[in-house]
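Heads up: the structure comes next, in structure tokens.
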Amino acid sequence: MNKTEQLYEGKAKKVFATENPEYVIVSYKDDATALDGLKRGTILGKGAINNRMSNYLMKLLERSGVPTHFVEELNDRETVVRKVQIVPLEVIIRNISAGSFAKRYGVEEGIVFAEPTIEFSYKNDDLHDPLINSYHALALGLATKEEIETIKSMAFRVNEVLKEYFSTLGVKLVDFKLEFGRTADGKIVLADEISPDTCRFWDAKTNEKLDKDRFRRDMGGVEDAYREMMHRVFGE
Ligand code: TMP
Ligand code: ASP
Numbered sequence: 098m099n100k101t102e103q104l105y106e107g108k109a110k111k112v113f114a115t116e117n118p119e120y121v122i123v124s125y126k127d128d129a130t131a132l133d134g135l136k137r138g139t140i141l142g143k144g145a146i147n148n149r150m151s152n153y154l155m156k157l158l159e160r161s162g163v164p165t166h167f168v169e170e171l172n173d174r175e176t177v178v179r180k181v182q183i184v185p186l187e188v189i190i191r192n193i194s195a196g197s198f199a200k201r202y203g204v205e206e207g208i209v210f211a212e213p214t215i216e217f218s219y220k221n222d223d224l225h226d227p228l229i230n231s232y233h234a235l236a237l238g239l240a241t242k243e244e245i246e247t248i249k250s251m252a253f254r255v256n257e258v259l260k261e262y263f264s265t266l267g268v269k270l271v272d273f274k275l276e277f278g279r280t281a282d283g284k285i286v287l288a289d290e291i292s293p294d295t296c297r298f299w300d301a302k303t304n305e306k307l308d309k310d311r312f313r314r315d316m317g318g319v320e321d322a323y324r325e326m327m328h329r330v331f332g333e
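The opening position of the sequence shown corresponds to residue 98 in our numbering, with each subsequent residue numbered one higher.
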């Protein structure tokens with residue numbers, strides 16, 4: 098499959114059309130942003146790591162009954178995925194308090210929840226991706242009632258599968274962000290990526306951060322953290 102024209106360039110990925118109208122090619126960049134795009138930088142090797150890890154996890158999820166956009170990995174940085182219309186919601190699942198949850202509710206990071214939580218943000222850069230509830234999403238016409246129910250149950254299923262998988266690698270899945278898309282025939286599938294950019298990973302023994310928080314928080318050791326996650330997933 099070959100790239101034709103570029104359709105879109107985001108913060109971390111480019112998307113290209115192909116000869117097949119049902120497929121697009123995603124190309125992962127090493128660029129990183131944080132704090133609503135205010136902080137910019139490069140994480141060397143990130144594009145290849147996120148591409149390969151995301152594809153591996155999407156395949157694992159497919160085998161566990163979660164439909165995804167994944168079609169075929171082309172090379173280190175490029176993957177064919179189904180062309181979808183992205184539902185403009187960031188779906189966040191949390192198992193342990195951290196980040197904006199800890200800040201918003203004035204609690205420490207690291208509290209293990211009895212049950213995972215779910216929240217939605219409205220994907221809208223001009224509004225800075227505000228928190229939104231499912232009734233508001235419905236009122237704004239971002240998704241139908243059925244779609245929201247499907248998204249919720251798929252997101253919790255993704256959590257079960259990934260939490261279990263990462264625990265076998267000695268990694269706590271603290272929280273993560275998912276995006277869903279609609280295929281041409283109106284089916285909801287998991288889209289975007291699952292990577293150290295979009296998940297919080299803590300070492301199970303030391304709680305060392307192995308994800309993009311090292312970049313967001315200027316902690317150093319960013320590339321090493323991505324490489325460590327690559328090593329745990331692929332043994333490389
Ligand atoms: P938060 O605690 O900052 O709300 O982040 C929750 C999770 O979502 C965390 O794993 C990082 C991820 N995330 C993204 O992937 N993209 C984003 O734009 C934000 C704000 C968070
Ligand atoms: N949405 C953030 C930004 O680009 C990215 C992040 O924190 O993961 O500003």
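For glycine and all other residues, C-beta sits at the position ideal for the given N, C-alpha and C.
Name the one or two DSSP bridge partners that residue i has.
i	result
K100	T115
S218	E187, L228
L270	F298
E175	S124
T130	R137
E276	A288
How about residue i: is its Cβ closer than 8 angstroms to a heavy atom in the ligand TMP?
i	result
K309	yes
P274	The question names Pro, but residue 274 is Lys in the sequence shown. True, at least one ligand heavy atom lies under 8 angstroms from that Cβ.
V204	no
G207	no
D226	yes
D294	yes
S231	no
V255	no
S124	no
G196	yes
R314	no
I140	no
S250	no
I189	yes
S151	no
R297	yes
V271	yes
S218	yes
Just curious, the alpha helix (DSSP H) that residue i is in, first and last residue?
i	result
I146	143 to 160
D310	310 to 313
R201	196 to 202
Helix, strand or coil, according to DSSP, for residue i in the structure here?
i	result
E290	coil
V181	coil
S124	strand
A52	Outside the displayed span of the chain (98 to 333) sits residue 52, for which this structure offers no information.
K136	strand
I208	coil
T303	coil
A109	coil
E333	coil
L235	helix
T247	helix
I need the boundaries of the beta strand (DSSP E) containing residue i, first residue and last residue.
i	result
V168	167 to 170
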